[in-house]
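Reviewing the structure listed below.
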Amino acid sequence: MIFLLSLLSLSFSAPAETSSLLEVFFFDVGYGESILVRLPEGRQILIDGGYPAYGPRVVSLIQSLELTRLDVVVSTHPHPDHIGGLAEVLENFEVGLVIGSHPLTSELLPEPFVGVIKRKGIPYKLGRRGEKLFTSASLNLEIIHPVQVNEDLNNSSIGIRLDFKDVSFLFPADISPPAEKELLLAGIPLKAQVLKAGHHGHATLREFVEAVRPQIVVISVGENPYGAPLPETLELYRELGINVLRTDQAGTIHLVTDGRAVWERSEKSKKP
11 MIFLLSLLSL SFSAPAETSS LLEVFFFDVG YGESILVRLP EGRQILIDGG
61 YPAYGPRVVS LIQSLELTRL DVVVSTHPHP DHIGGLAEVL ENFEVGLVIG
111 SHPLTSELLP EPFVGVIKRK GIPYKLGRRG EKLFTSASLN LEIIHPVQVN
161 EDLNNSSIGI RLDFKDVSFL FPADISPPAE KELLLAGIPL KAQVLKAGHH
211 GHATLREFVE AVRPQIVVIS VGENPYGAPL PETLELYREL GINVLRTDQA
261 GTIHLVTDGR AVWERSEKSK KP
């Protein structure tokens with residue numbers, strides 16, 4: 011059985027000993043997305059960087075954890091609320107590898123992002139289903155989407171599944187019902203204790219959420235003109251008894267797991 015524990019953290023100082031723990035930070039970047047995953051063996055993965063204006067904030071939050079290197083940076087798709095802040099991140103940290111949805115030659119990618127990758131000589135590769143980012147006896151970090159990209163950037167987003175012992179996380183970026191249906195039809199393992207809501211809490215398939223059966227849904231959202239998160243999506247989560255955490259209400263959300271239990275720590279953070 012997976013147990014959910016809730017704690018209140020007043021700072022983002024790194025714990026003295028984290029070798030047996032996995033940590034996930036859902037940074038408060040307004041109506042955007044930026045997620046830091048800290049693996050037990052000390053490797054760091056950043057998924058997206060929010061809008062360009064939030065780049066310095068993401069850098070500051072990562073630096074507050076006393077990190078100087080990111081092993082992998084994932085750009086899920088080239089919308090500015092996801093890719094915009096990554097140029098600032100790439101400028102300020104040693105980065106082992108960047109994984110993106112589109113080739114560096116694509117006109118969809120912003121020049122600052124492409125420019126810093128080329129100037130610093132950071133390795134770059136495309137993220138496609140089946141790519142294993144990290145794997146060990148107790149851990150698996152794998153890309154589950156897409157098979158290929160198309161003109162629908164949201165539904166071509168790189169989706170990631172993280173398994174650590176008995177606990178799983180699902181990070182589907184900005185996918186919506188068409189991509190959710192494709193994942194269901196493909197028979198991809200979806201069951202996870204923690205689900206990052208697709209596309210900031212916009213429309214989602216009931217069948218998809220029921221297949222994931224999460225205990226926790228994290229919505230990365232801020233003030234926006236689109237009505238996100240949608241009332242019907244929140245109502246679905248409520249009906250299914252899911253604990254909903256929102257960055258616009260809790261600030262940056264920090265989840266910690268030892269592979270059996272999940273602890274939640276939040277700090278109401280101040281937007282720049």
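Residue numbers (our numbering): 11 to 282.
Cβ atoms here follow ideal geometry from the backbone N, Cα and C, with glycine treated the same way.
Inter-residue Cα distance where the pair is residue i and residue j
| i | j | result |
| --- | --- | --- |
| G237 | G169 | 23 Å |
| L107 | R79 | 11 Å |
| I132 | E121 | 15 Å |
| R138 | Q158 | 7 Å |
| L149 | L265 | 16 Å |
| Y61 | T243 | 24 Å |
| G125 | P113 | 13 Å |
| S186 | I198 | 16 Å |
| V39 | V69 | 12 Å |
| T262 | L255 | 10 Å |
| A221 | I252 | 13 Å |
| S30 | V272 | 13 Å |
| N160 | S85 | 16 Å |
Min CB distance residue i to chain C below 7 Å
| i | result |
| --- | --- |
| Y41 | Looking at the structure shown, chain C is missing, and only one protein chain is on hand. |
Three-state secondary structure assigned by DSSP to residue i
| i | result |
| --- | --- |
| H210 | helix |
| K191 | helix |
| F218 | helix |
| L244 | helix |
| Q54 | strand |
| N160 | coil |
| K142 | strand |
| D184 | coil |
| F36 | strand |
| G106 | strand |
| D7 | Residue 7 cannot be examined here, being either before or after the span of the chain that is shown, 11 to 282. |
| E101 | helix |
| I345 | Since the displayed the chain opens at 11 and closes at 282, residue 345 lies outside it and no answer follows. |
| K135 | strand |
| S116 | coil |
| R270 | coil |
Option nearest residue i by Cα separation, candidates the options
| i | options | result |
| --- | --- | --- |
| P45 | E51, V34 and L136 | A small fix is needed here, since residue 45 is Ile in this sequence, not Pro. Of E51, V34 and L136, the residue nearest in Cα terms is V34. |
| E104 | V83, I93 and V124 | V83 |
| V177 | L56, I72, G40 and R270 | R270 |
| Y134 | G110, G125, S146 and I154 | G110 |
| I127 | L56, L194 and V99 | V99 |
| A147 | E274, P50 and D38 | P50 |
| D58 | E274, P182 and G140 | P182 |
| P224 | K201, F174, L71 and S116 | K201 |
Cut-off 6 Å between Cβ atoms - residues of its own chain near residue i, not counting five sequence neighbours on either side
| i | result |
| --- | --- |
| R48 | E33 and Q54 |
| A207 | V227 and I229 |
| P156 | S166 |
| A196 | none |
| E190 | L215 and F218 |
Where residue i falls, given that 16 or more other Cβ within 10 Å makes a residue buried
| i | result |
| --- | --- |
| Q259 | exposed |
| P188 | exposed |
| L151 | buried |
| T145 | exposed |
Cutoff 7 Å; reference residue i; Cβ partners in own chain excluding five residues on either side
| i | result |
| --- | --- |
| H210 | Y41, I229, S230, V231, A238 and P239 |
Closer than 6 Å: residue i CB and nearest the ligand PLP heavy atom
| i | result |
| --- | --- |
| F179 | This structure lacks the ligand PLP; in fact it carries no ligand of any kind. |
Neighbourhood of residue i by C-beta, 8 Å cutoff - its chain only, sequence neighbours within 5 removed
| i | result |
| --- | --- |
| Q73 | N102 |
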